Amino acid sequence: MMFLTPPRAAPATVSVPVSAPTMGTRKAGFYRHDLDGLRGVAIALVAVFHIWFGRVSGGVDVFLVLSGFFFGGRLLRNALNPAMSLSPGREVVRLVRRLLPALVVVLAASAVLTILVQPETRWETFADQSLASLGYYQNWELADTASNYLRAGEAVSPLQHIWSMSVQGQFYIGLLLLVALLAAGLRKPLGKRLRVLYITVLTALTIASFVFAIFAHQANQATAYYNTFARAWELLLGALVGALVPYVRWPMWLRTVVATVALAAILSCGALIDGVAEFPGPWALVPVGATVLMILAAANRQGDPRTRDKMPLPNRILAIGPFVTLGAMAYSLYLWHWPLLIFWLSFSGHPHATFLDGAGILAVSGLLAYLTMRFVEEPLRYRGPAQATAPVVRLPWRTRLRRPTIALGSVVALLGVALTATSFTWREHVTVQRASGKELSGLSSRDYPGARALINQARVPKLPMRPTVLEAKNDLPETTEDGCISDFNNGSLINCTYGDKDAVRTIALAGGSHAEHWITALDLLGRMKHFKVVTYLKMGCPLSTEEVPLIMGNNAAYPQCHEWVNQTMDKLVADRPDYVFTTSTRPWNIKPGDVMPGSYIGIWQKFADNNIPVLAMRDTPWLVKDGRPSEAADCLADGGSAVSCGMKRSDVLQDRNPTLDFIAQFPNLKPLDMTDAVCRPDYCRVIEGNVLLYHDSHHFSATYMRTMTNELGRQIGAATGWW
1 MMFLTPPRAA PATVSVPVSA PTMGTRKAGF YRHDLDGLRG VAIALVAVFH
51 IWFGRVSGGV DVFLVLSGFF FGGRLLRNAL NPAMSLSPGR EVVRLVRRLL
101 PALVVVLAAS AVLTILVQPE TRWETFADQS LASLGYYQNW ELADTASNYL
151 RAGEAVSPLQ HIWSMSVQGQ FYIGLLLLVA LLAAGLRKPL GKRLRVLYIT
201 VLTALTIASF VFAIFAHQAN QATAYYNTFA RAWELLLGAL VGALVPYVRW
251 PMWLRTVVAT VALAAILSCG ALIDGVAEFP GPWALVPVGA TVLMILAAAN
301 RQGDPRTRDK MPLPNRILAI GPFVTLGAMA YSLYLWHWPL LIFWLSFSGH
351 PHATFLDGAG ILAVSGLLAY LTMRFVEEPL RYRGPAQATA PVVRLPWRTR
401 LRRPTIALGS VVALLGVALT ATSFTWREHV TVQRASGKEL SGLSSRDYPG
451 ARALINQARV PKLPMRPTVL EAKNDLPETT EDGCISDFNN GSLINCTYGD
501 KDAVRTIALA GGSHAEHWIT ALDLLGRMKH FKVVTYLKMG CPLSTEEVPL
551 IMGNNAAYPQ CHEWVNQTMD KLVADRPDYV FTTSTRPWNI KPGDVMPGSY
601 IGIWQKFADN NIPVLAMRDT PWLVKDGRPS EAADCLADGG SAVSCGMKRS
651 DVLQDRNPTL DFIAQFPNLK PLDMTDAVCR PDYCRVIEGN VLLYHDSHHF
701 SATYMRTMTN ELGRQIGAAT GWW
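Residue numbers (the UniProt record's numbering): 1 to 723.
Here it is as C-alpha cells:
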C-alpha cells in the first residue's frame, strides 16, 4: 500500500543539523509503533477479506487516513518550522525512491504472469492499466471502466487494487504544492498564525470533499469509488489530525475506552458493512473515524517525558513485534496479494479461493513481500534529503552495503522502461490488428454466411473466424461509435436518426444496449425498406418501471436509469413513432432460461394507453460460466471452441418465448424472436458461419448482426405489414 511513515534514519558517523524532535519521529524518542501495528492489522484485513470473502474490509480506508497523517503531518511540521526548507522537487524525488521500485517489480512480475496465464485478449487491458499504474492515474482508468458498459468485463484485473495508490500519489502532489505555496508566500508575514491558516484550509477542503463524496456516491457509486476528490477527505482528515495531535489532552481511562471501541470497529467493518456498495459515502466514516480515534488515543504532547511512553492497552498491543513487522511489509504485501489471487483464479478456473488456496496465496504473498521489502524497498530508500547535504565521510562497510547501489537502481529503472515500452508496443499491435476490422462490413456473404448458415443452411467454407479475438472488442454498433447512446454518467436523452432519414415511417429503437445492438440490422433494413430509425438509448437501462434499477452484472444501484426511462417514455408518447422496437425479456438470475420481468408490464400498458405498437424482441442469450459472465473472445483465445465457449440452449432460453404469454393482455405487442438465427436446436455456439456472434459476453458483434438482417426483415415485415 502506498503509505508513508516517517523516514528511517540511515546509520552515519556524522551529525547533521536538524529541527527539534517532534512526536511521531524516531529522533523524538516516541515513535508511533502502534500505528505501524495498525497498518499491519489493516493489510491483514485487506488480504483476508479479498481472498476468502470477496469483500472490502475498510483496511484501505485505514491506510488512506494513516498516509494523510504521516505525510501531511510531516509536511506541515516542516512548513511551520522557519529552520526547515520545503523543497517540492526534493519531496517528489523522495516519494519516487520510496514507492516506485516495489511497484515496478510487482508490475513486471504481473506482466510475465499475464502472458503466461491470461489469454491475449486480456493483454491490452493489462497494458493500459500498467501504464496507468506507473503514471498514478489507475483510479481514473478504473473509473472509466466502471462507467463504460462495454468495458465492464475488464473490471477485475490483477492491477485493480493500485487505484488507492494512485489516489494517494495525486493527493501527495496536490498537498505538497498547496503547503509549499502557502509557506513560500505567508510563512514570514503570518509567523505562528500560519498554523491556523493551514488548519482552516484543510478543514474546508475536508468538508468539501466529504460533501462531494456523498453526492457522487448517490449519483454513481461505481465511479465515485475510484474518484480522487471523493476520497480526498479521508487523507485530508489524516493530515488534519497530524496538525492537531500535539494538543490532545485525554485521561487514560477515556483513551483506553476510545481505542478499544475504535479497534473493534476497524476489525468488524468488513463483516458488517458492504464497502463495495457503501464506500466512499457516509459509511466510510466508520473505518476513517476509528483510525482517527486510534491516532488520538495514544497522542501525547511532544516533549513531555511523563507521558511519552504511556499508551492505552490496544495501542500497546499493536506496538508489539509481530504487528510492527507486518506493518513494515504492508506496502509490498498489498502490492503482491491481489495479482497473485487473480492469476491463481485465472489459472485454476475457480470462481473463488478455497481455504487451502487462500492460505497458499497468503504464504507466497508474505514471502514475496518480505523479499521485496528487504532487497528492493529498504536498499533504495536510505539516502534521503537530509543525508544529501551531509559532509562526505567514510561509512562502515555494513552501512555502505545498505546504501542504494547503481546495479539495483539500474535494474529497477530498466524494468520500468521495459514494461512501459512493452505496454505501448502491444497497444500499437492491437491497434494495427483492429485497423483491418474496418473491412468487416464488406465481408463476402458466401465466405462468411453467419446466421444464414442456421436459417438458410448456407454452405460454410473452411476459413478463419471473423471478427478475430482481437477485432471483436471493437466490432460495435454504429450508435456506440457515433455517441448516440447515453452512458452511465449521462442522464440526458440522445436522439439520432438512421435508416432512410427522409422516410415517413418511423421505428423508435428504445432501451439499453441489448436494444442498441440491433441498430446495425435496422439501419440496413431502413435504407432498403424506406423507414427511419430514431434512437432512444442508455447503457444498461432497458425500459422498465423499476424504481431502483440495478446494473445487470454487478447489481449496483442505478437510480439515474429510472429518471431516464420516465423522460424517454414521455418523449416517445409525444413523438408517436409508428413502432417502438425494444427488448421484452431478460435472463433469469436465479434459474435457467429467460423471463419477461414484471416491471415491463407498466411500460406495455403505457404504450397501449397511447396506441403505440411495440416490436418486442426476445433478448440475447447471455454467456455465463460458473455464475460469472464469460467473454467469448477470451474463451476462444484461451483454447476454447465454438461449442465449449457456448451454452446449452435450455440453460439460457425457455422452450417458449415468455412474451407470448402477454399477447392477449397487450395486443399492441408484436413479438420478434431471432433465437433460431442464434442457436441450434440444443446449443448456442459462439461461432456460426465463420462469424463470431459476440463482441463480449452478451452483445452481438456488428458483423454477425449484419448476417441476421434478412431474417429480422422477414419478421418485421410480417409484424408491421409494411412489405
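The C-beta atom is built at its ideal place from N, Cα and C for all residues, glycine as well. None of these values were measured; they are calculated from a predicted model.
Can you give me the Cβ contacts of residue i inside the same chain, cut-off strictly under 7 Å, excluding the 5 residues immediately before and after it?
i	result
Val-565	Cys-541, Leu-543 and Ser-544
Thr-520	Pro-477, Glu-478, Ala-702, Met-705 and Arg-706
Tyr-137	Ser-166
Tyr-694	Leu-623, Ala-632, Val-686, Phe-700 and Ser-701
Ile-214	Gly-281 and Pro-282
I need the DSSP call for residue i, collapsed to helix, strand or coil.
i	result
Asp-594	strand
Gly-511	strand
Gly-499	strand
Thr-468	coil
Val-430	helix
Lys-670	strand
Gly-625	First, the amino acid is wrong: residue 625 is Lys here, not Gly. Reduced to three states, the DSSP call for Lys-625 is strand.
Tyr-694	strand
Phe-343	helix
Trp-723	coil
Lys-192	helix
Met-165	helix
Glu-378	coil
Ser-486	strand
Thr-506	strand
Lys-462	coil
Met-1	With a pLDDT of 47 at Met-1, under the threshold of 50, the predicted position of this residue should be treated as unreliable, though the coordinate-derived value follows. In the structure shown, Met-1 sits in coil (DSSP, three-state: anything other than H, G, I, E or B).
Cys-679	coil
Cys-635	helix
Thr-703	helix
Ser-644	coil
Ile-716	helix
Ile-663	coil
Ile-214	helix
Ile-494	coil
Asn-710	helix
Enumerate in chain order the residues of its own chain whose CB-to-CB distance from residue i is below 8 Å, with the five nearest sequence positions on each side excluded.
i	result
Leu-525	Gly-499, Phe-531, Thr-709, Leu-712, Gly-713 and Ile-716
Leu-194	Ala-79, Leu-80, Leu-182, Ala-183, Leu-186 and Arg-187
Leu-345	Pro-351, His-352 and Ala-353
Thr-291	Leu-38, Asp-61, Val-62, Val-65, Leu-66, Gly-238, Ala-262 and Ile-266
Leu-537	Thr-479, Cys-484, Ile-485, Ser-486, Ile-494, Leu-509, Ala-510, Gly-511, Gly-512, Ser-513, Ala-515 and Glu-516
Ser-365	Ala-47, Leu-333, Trp-336, His-337 and Leu-340
Arg-505	His-530, Phe-531, Lys-532, Asp-578 and Trp-722
Tyr-448	Leu-463, Arg-466, Gly-689, Asn-690, Val-691, Thr-703 and Thr-707
Give the range of the beta strand (DSSP E) segment to which residue i is assigned.
i	result
Lys-473	Run containing Lys-473: none; DSSP gives neither H nor E here.
Met-329	From DSSP, Met-329 is part of no beta strand (DSSP E); its letter is neither H nor E.
Taking the alpha helix (DSSP H) that residue i falls in, what are its first and last residues?
i	result
Ala-616	Taken as a continuous stretch (DSSP letters only), Ala-616 belongs to no alpha helix (DSSP H), being part of the beta strand (DSSP E) at 614–617.
Gly-349	First-last for Gly-349: undefined, no H or E at that position.
Leu-371	355–372
Trp-123	123–134
Ser-110	88–117
Arg-649	649–652
Pro-314	313–318
Ala-453	452–455
Leu-524	519–529
Thr-223	221–224
Using C-beta distances below 6 Å, list every residue in its chain close to residue i, excluding the 5 sequence neighbours before and after it, in chain order.
i	result
Val-56	Gly-275 and Val-276
Ala-603	Here residue 603 is Ile; the residue named in the question, Ala, does not match the sequence. Here the set comprises Leu-543.
Glu-547	His-562
Leu-159	Gln-129 and Ser-133
Let me know the alpha helix (DSSP H) ranges lying completely inside the region 39–82, each 4 residues or longer, listed in chain order. If only complete runs of 4 or more residues are kept, the region 39–82 shows the alpha helix (DSSP H) at 59–67 and 73–80, in order along the chain.
Review point. With a cut-off of 8 Å, do at least 3 Cβ pairs link the region 272–286 to the region 91–111?
Key: Contact between the region 272–286 and the region 91–111 is not established, with fewer than three Cβ pairs separated by less than 8 Å.
#### Entry: Secondary structure, alpha helix (DSSP H): runs of 4+ residues fully inside the region 241–311
Listed in chain order, the complete alpha helix (DSSP H) runs (minimum 4 residues) inside the region 241–311 are 252–272, 275–278 and 285–297.
Does the count of Cβ pairs from the region 212–231 and the region 483–495 closer than 8 Å reach three? Yes: the two stretches touch, three or more of their Cβ pairs being nearer than 8 Å.
### Message
Contact between the region 90–103 and the region 362–378 is defined here as three or more beta-carbon pairs at a separation below 8 Å; is this criterion met?
### Response
Yes: the two stretches touch, three or more of their Cβ pairs being nearer than 8 Å.
Checklist entry - What are the uninterrupted segments assigned as beta strand (DSSP E) that are 3 or more residues long and contained completely in the region 531–607, given in chain order? => result The region 531–607 contains these whole beta strand (DSSP E) runs: 532–537 and 579–583.
### Query
Using 8 Å as the threshold, is the region 347–363 in touch with the region 60–76, meaning 3 or more CB pairs across them?
With the cut-off at 8 Å, the region 347–363 and the region 60–76 do not touch.
Meets three-Cβ-pair contact criterion under 8 Å: the region 194–212 and the region 107–123 | No: the two stretches stay apart, fewer than three of their Cβ pairs being nearer than 8 Å.
Next item on the list: Pair every Cβ in the region 580–588 with every Cβ in the region 605–624, then say whether three or more of these pairs are closer than 8 Å.
Entry: Taking 8 Å as the limit for Cβ pairs, the verdict is that the region 605–624 does touch the region 580–588.
Sufficient close CB pairs (3 or more, under 8 Å) joining the region 126–145 to the region 405–424 = A contact exists between the region 126–145 and the region 405–424.
Checklist entry - Can at least three beta-carbon pairs, one atom from the region 653–667 and one from the region 583–599, be found at a separation below 8 Å? => result Contact between the region 653–667 and the region 583–599 is established, with three or more Cβ pairs separated by less than 8 Å.
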